[in-house]
Every structure is written in structure tokens, then in C-alpha cells.
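What follows is one structure encoded as C-alpha cells, with my remarks underneath.
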Amino acid sequence: TFEARDPRRYPLAILTNVFGGGMSSRLFQRVREELGLAYAVYAYQQVYRSNGVVAVYVGTQPETADQARDVIREEFGRLAADGLTAEELANGISLVEARDGVLVVRPFSTSLTKACERRSRGPSSMLRSTGFGSGLPRS
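Take a look at the structure:
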């Protein structure tokens with residue numbers, strides 16, 4: 458992704474947490490709870506001085522690995538196409554603020570909310586600007 462000082466780290470943190478940051482995340486709910494394909498699944502980000510990474514971990518059985526991978530890809534696609542709901546955005550901002558001990562600047566929050574509400578162009582361009590999912594391998 459990008460370096461630790463890049464201001465896009467907070468939107469990326471929100472996306473990463475909503476996508477796979479806990480038991481209420483999209484990945485956990487779909488891959489583990491709904492489909493029972495894994496005993497653990499989460500997304501995480503690491504930022505360093507000159508670059509960063511966003512990754513997904515899935516702990517599954519060999520016989521369900523391909524299906525789990527496919528569902529994770531579907532969820533990446535759904536996130537890129539549909540963006541975040543207003544509720545997911547609010548919860549994601551609160552989580553990042555509490556976890557990181559920072560206040561996510563409200564003008565940012567307002568612009569991100571507006572981007573999420575503009576389903577036709579906002580979420581996809583927002584995701585592209587953070588690089589979220591760009592390294593996902595094709596099958």
C-alpha cells in the first residue's frame with residue numbers, strides 16, 4: 458500500500474476493519490459464521506516507513522481452501538462495488554478512533570460518508586485511492 462505517514466492510512470484502516478477486523482466484520486460473518494469455511498479469518502494492514510501491506514488470513518482445511526478463497530474474492534468485489542453502509546462507516550470510524558487513540562478528522566468523515574452514499578462512483582474510486590484489494594491474485 459503506502460507509507461506510515463500517508464493520510465490515506467485512516468480510510469484504509471476503516472475499510473480493513475469493516476472488511477475483516479473482528480467478529481462483526483464482513484469476512485468473519487460470511488466465511489466463518491454463514492458458510493463455516495474457516496476457524497479464523499481476518500484482514501489486517503501494516504504500514505512501514507516507505508510502503509505497506511493489506512492482507513487477509515484464513516485458517517481453513519485443505520478441502521475448503523479454494524471455496525474460502527473464492528468467497529473472500531467475492532467479498533472484495535462486493536466491497537468495491539457497493540462500498541460501506543453509513544452504519545459500517547460510523548462503526549469503523551469509532552473503532553479506529555478508540556483503537557488508535559486518534560480523532561478521525563470530521564471533514565474526512567463527512568467526505569467519506571458522501572463517497573459511500575454515491576454508490577455509482579464513490580466507493581470504487583475511494584477503494585482505488587487506498588489501493589485496497591489491488592494485489593488480489595486472479596484465478
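Mapping of the sequence shown onto the numbering used here: residues 458 to 596, in sequence order. Cβ coordinates follow ideal geometry from the N, Cα and C atoms, glycine included.
Residue i vs residue j beta-carbon contact at 7 Å
| i | j | result |
| --- | --- | --- |
| V553 | A525 | no |
| I471 | G549 | yes |
| V513 | A500 | yes |
Own chain, CB closer than 7 Å to residue i, minus 5 neighbours either side, in chain order
| i | result |
| --- | --- |
| Q503 | G509, V510 |
| R506 | E460, A461 |
6 Å Cβ shell around residue i - same chain, five flanking residues per side excluded
| i | result |
| --- | --- |
| V515 | A495, V498, A525 |
| E545 | V475 |
| R670 | Lying before the first or after the last residue shown, residue 670 is absent from the chain, which here runs from 458 to 596. |
| G479 | none |
Where the alpha helix (DSSP H) containing residue i begins and where it ends
| i | result |
| --- | --- |
| G597 | In this structure the chain extends from 458 to 596, so residue 597 is not present and cannot be described. |
8 Å CB neighbourhood of residue i in its chain, flanking five on each side removed
| i | result |
| --- | --- |
| S482 | N474, V475, F476, Y499, A500 |
Any C-beta of chain B under 7 Å from that of residue i
| i | result |
| --- | --- |
| S551 | Absent from the structure is chain B; it holds one protein chain and no more. |
Could you tell me which uninterrupted beta strand (DSSP E) segments, each at least 3 residues in length, are contained entirely in the region 463-527, listed from first to last along the chain?
497-504, 509-516
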